[in-house]
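Keeping their order, the protein sequence lines are chains A and B. Using the working numbering, you'd call the opening residue of the first sequence number 1 and step up by one each time. Using the working numbering, you'd call the opening residue of the second sequence number 221 and step up by one each time. Working notes, structure below.
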Amino acid sequence: MARPVDCEEIVVSDARTAILDRIDRALKTARIPVVSAGARGVQPGEFGPSGTLIDRFVAEARALGVEAFVEGSPDAVRARLALLTDGRRVLAWNPDRLPYGADAVVSGAARGSSPRDEQAAADVGVTGCHGAIAETGSLALLSLPGCPRAASLLPPLHVALVRPDNFFFGMGDFFEARTDQIAAASNCTFVTGPSRTADIELSLTIGVHGPARVIVIVGP
Amino acid sequence: MTFAARARDAIGNHQLHVALDRTTATFGTRRFAAIASLDHFETVRDRARAAKMHVLRTLGDSLQRFEQQLIANGVQVHWAENGDAANRIIVEIATGAGVRRVAKSKSMVSEETHLNHALEAAGIAVIETDLGEYIVQLAKDRPSHIIAPIVHMTREQVGRLMHERLQVPYSDDTETLARYARERLRAAFLRADMGITGANFGVVENGAICLVTNEGNGRMVTTLPRVHVVMMGIEKLVPTMADLDRFLKLLARSATGQKLTAYTTLLRGPRRTGEDGGPDDMHVVILDNGRSSILAGETAEILGCIRCGACLNACPVYKNIGGHAYGAVYMGPVGAIVTPGIRGIEQAAELPGASSLCGACREVCPIRLDIPRMLLALRSAAVRLTPQPIALRLGLKAFARIASRPSVYRAAMSAMRRVLRARARDGWITRAPGLAAGWTRFRDFKAPAAQTFEQQWRARSTARRSS
């Protein structure tokens with residue numbers, strides 16, 4: 001069925017056809033090394049974990065300058081969180097997204113739906129997480145409803161609450177086990193330590209645009 | 221200015237040498253420690269290489285499947301044959317959306333197309349948000365390293381620059397300098413209408429765009445502005461998420477010696493219903509700009525490069541002349557291959573010569589790209605292009621004749637050895653006549669040994685047989 005086509009679309013599709021044609025022609029003469037097919041198609045997680053996941057995660061995260069606490073009870077998690085947020089402006093994930101009833105501690109917090117100025121003015125961002133990668137000490141955060149990206153980005157301090165079922169050995173294991181959940185979010189971010197730069201004379205400077213301090217509380 | 225002239229200037233620049241020595245040595249050491257931290261590093265490399273070569277061999281199909289996934293994710297896809305076309309598309313997106321301010325995350329490909337000029341010419345303000353790139357922009361300079369744009373500057377230079385341009389008190393403390401930049405850039409992030417980024421990887425199976433930054437600027441420009449535009453070369457694809465995992469294991473280790481960059485972000489389209497943060501519209505501009513002609517030839521393999529910069533840090537030539545001498549966006553061994561590919565060998569015939577072919581680049585390359593082989597192929601293309609001096613052509617012909625006749629070769633070598641030894645003072649020849657002066661003008665030549673290798677070999681085997 002004919003439909004009106006505007007000029008811009010024609011220009012765009014011309015470039016597309018031209019590029020794909022050139023690639024097809026190029027592939028006839030391209031010198032691309034043949035690498036044995038057996039080297040492909042191996043599953044993630046193929047190299048397996050060593051030691052317990054929580055221990056490895058905590059060790060890796062601490063090596064990056066993350067402060068990590070392992071607490072034995074929900075009460076202890078809430079008490080730790082209260083120490084960190086008391087008297088400070090908080091930007092938090094929605095109540096139903098925070099584990100351990102932590103919302104009771106940050107009930108007055110700004111949320112993802114709050115005005116941007118309010119979010120940008122927060123001193124502490126409080127989040128849960130969707131995965132904790134032991135191999136690299138990384139937190140996996142998905143931008144699902146109620147889990148604003150800004151909470152782990154705008155405040156100078158990010159506090160993340162981690163549950164024992166969040167742990168994976170490698171990023172590849174997380175990709176495999178959580179494919180559907182990852183596909184449901186427009187954004188999946190791995191936070192590996194505080195924001196940093198070494199652009200000036202390679203000297204490490206912590207806290208450029210993202211949080212300068214990252215604190216992880218692992219609960220029971 | 222020719223490459224040789226720029227290189228000579230760089231070699232004479234003491235401050236540049238101090239900066240380069242520090243940077244390349246530090247990166248080298250950190251990389252070494254980081255790869256030791258990865259079990260089965262060599263296996264991961266093999267698999268990453270196989271994945272990249274697979275993508276290249278199926279590039280047309282892979283791009284079309286990637287495009288379908290992008291569209292399914294709600295991304296608007298554009299194709300650009302060259303840099304001007306890409307810039308035009310992005311300026312149109314910006315003007316169409318009423319964009320006045322753009323915040324950019326570090327992107328080599330946008331340097332390649334001079335995107336900032338195009339946006340500024342259209343009356344749109346652009347700010348670079350990677351600390352190094354921000355300083356490059358303030359200084360109206362160019363990046364001199366793929367991942368560390370201002371390795372050529374000292375902290376004092378940065379301090380003076382910020383003092384002049386930003387009217388802040390002079391400081392040479394890196395924490396303070398970073399804070400100056402942070403304060404200004406935070407305001408820019410919050411006010412920008414559009415964020416522009418490159419892409420470290422595009423995942424064919426689900427259309428995810430992967431971005432890595434240490435500072436968090438990549439997250440800022442993809443979270444706060446209402447429009448996000450990605451500019452990426454056609455070669456940036458990896459087949460699956462399992463492959464992506466392997467590339468991420470290699471990238472940060474090879475680049476900065478980290479296990480993983482501080483922020484690794486996967487973007488799957490604009491903000492979805494119920495989400496807070498993220499753009500209303502997301503565009504991906506897929507750029508050719510000479511890459512398909514690279515694909516057609518001997519250097520197709522270089523399209524597997526993931527821009528980690530490890531080959532720069534390992535290269536004895538880069539270590540001595542830095543990035544600016546290459547006179548192009550991409551520098552070092554990878555630049556010496558990519559630049560002639562993008563511009564045409566006739567525009568960059570000197571660059572493939574900027575290598576001792578020692579193979580250090582191939583040794584450190586996470587994708588095991590055979591850089592020396594490609595440099596040789598480009599040299600031979602350059603030689604075929606330009607007529608060589610008569611003396612050189614005749615000289616090589618004569619050498620070919622001599623070298624293919626053992627008795628003549630032995631006689632010639634023995635004569636040559638006598639001449640050279642007669643000219644030597646304290647074991648070195650410091651001046652030579654005629655064409656040979658081309659060598660001794662820049663370096664001394666060691667006097668040959670009293671006996672040729674062949675003579676020594678024969679003497680040794682005789683001695684061994686008789687013992």
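From the three backbone atoms N, C-alpha and C, an ideal C-beta is built for every residue, glycine too. Note that the structure is a prediction, hence the values are computed from the model and not measured.
Note on geometry: alpha-carbon atoms of S73/A and G131/A lie some 20 Å from one another.
If the five residues before and after L523/B are omitted, its C-beta is found closer than 7 Å to the C-beta atoms of L276, E455, R511, I514, L515, all from its own chain and listed in chain order. Excluding five sequence positions before and after E331/B, the CB atoms of its chain that fall closer than 8 Å to its own CB belong to R362, P363, V549, given in chain order.
Contact annotation: C578/B and C531/B have beta-carbon atoms that are not nearer than 8 Å. With respect to E301/B, A212/A sits apart: the two C-beta atoms are not nearer than 8 Å. Taken in chain order, the unbroken stretches of alpha helix (DSSP H) that lie wholly in the region 297-325 of chain B and span 4 residues or more are 303-316. Only residues of its own chain outside the window of five on either side were considered, and among them none has a CB closer than 7 Å to the CB of G517/B. With respect to chain A, the C-beta atom of A338/B has no partner C-beta closer than 8 Å.
Residues of the region 520-545 of chain B whose Cβ lies closer than 7 Å to any Cβ of chain A, in chain order: A520, E521. Assignment of C430/B by DSSP, reduced to helix, strand and coil, places it in the strand class.
Counting C-beta pairs closer than 8 Å gives three or more between the region 499-511 of chain B and the region 441-459 of chain B, which meets the contact rule. Inside the region 548-634 of chain B, DSSP marks whole alpha helix (DSSP H) runs of 4 or more residues at positions 552-563, 580-584, 591-605, 610-623, from first to last along the chain.
For T485/B, DSSP records a beta bridge to T189/A, L431/B. Contact check between the region 135-143 of chain A and the region 60-67 of chain A: three or more CB pairs, one atom from each, fall below 8 Å, which counts as touching. Residues of chain A with a Cβ closer than 8 Å to the Cβ of K360/B do not exist, since the nearest Cβ in that chain sits about 17 Å away. In the three-state DSSP reduction, L202/A falls in the coil class, being neither helix nor strand. Interface annotation, G125/A: not in contact with chain B, CB-CB separation never under 8 Å. Against chain A, the beta carbon of R621/B has no neighbour under 8 Å; the closest one sits roughly 32 Å away. A contact is defined here as three or more CB-CB pairs under 8 Å, and the region 582-599 of chain B fails this definition with respect to the region 618-632 of chain B. With respect to chain B, the C-beta atom of C188/A has a partner C-beta closer than 8 Å. For H158/A, no chain B residue has a C-beta closer than 8 Å to its own C-beta; the minimum C-beta separation is roughly 11 Å.
P560/B places its beta carbon less than 8 Å from that of L598/B.
Residues are counted here when their Cβ sits less than 7 Å from a Cβ of chain A; for the region 292-318 of chain B these are H298, W299, A300, E301, A305, given in chain order. Membership of H234/B in any beta strand (DSSP E) is not indicated; the residue belongs instead to the alpha helix (DSSP H) covering 234-256. Taking the beta carbon of T244/B as reference, no residue of chain A falls within 8 Å; the closest one sits roughly 10 Å away. Three or more Cβ pairs drawn from the region 406-425 of chain B and the region 312-322 of chain B lie within less than 8 Å of each other, which places the two stretches in contact. Between R89/A and D123/A, the gap from beta carbon to beta carbon is short of 8 Å.
If you look at G210/A, you'll find it isn't in any beta strand (DSSP E); DSSP assigns it neither H nor E. For F665/B, the pairing in a beta bridge is given by DSSP as I649/B.
When DSSP states are grouped into helix, strand and coil, F168/A belongs to the strand group.
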